[in-house]
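K.L.:
Position 14 of the sequence shown, counted from 1, bears residue number 398 in our numbering, the numbering being contiguous throughout. Using N, Cα and C, we set each Cβ at its ideal position, and we do this for glycine too. Just so we're clear, the structure is a prediction, and the values are computed from it rather than from any experiment.
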Amino acid sequence: MLTYFLWIILFAILILFAGAMAWTLKRPQEESGESEEDLEEWTCPSCGFQVQMGTECIYCGEKKPIV
Ligand SMILES: [Zn+2]
């Protein structure tokens with residue numbers, strides 16, 4: 385019973401650690417690409433909605449095409 389409990393704790397720590405690693409690795413990539421581009425307007429290629437801010441269409445969720 386005790387070993388079972390220890391395995392759960394170990395597993396939870398591993399998941400938390402992996403999650404934190406993935407988050408810190410993903411973060412700088414997003415910031416470097418979006419810093420200036422998300423201020424300009426762009427028209428969504430899928431639905432034609434003019435997106436004022438951000439790199440994702442709020443209507444259909446399409447990502448901004450890389451020019
Ligand atoms: Zn769209």
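Would you check if the distance between the CB atom of Q434 and the CB atom of E424 is smaller than 8 Å?
P.N.:
Taking 8 Å as the Cβ cut-off, Q434 and E424 do not qualify as a contacting pair.
K.L.:
Cα separation between E440 and L409?
P.N.:
Their backbone Cα atoms lie some 21 Å apart in a straight line.
K.L.:
Could you tell me if K448 is buried or exposed, where buried requires 16 or more neighbouring beta carbons within 10 angstroms of its beta carbon?
P.N.:
It counts as buried.
K.L.:
Mind checking whether the beta-carbon of F433 lies closer than 7 Å to any heavy atom of ligand 1?
P.N.:
For ligand 1, at least one heavy atom lies less than 7 Å from the Cβ of F433.
K.L.:
Run through DSSP, which three-state label would T439 get?
P.N.:
If DSSP states are grouped into helix, strand and coil, T439 belongs with coil.
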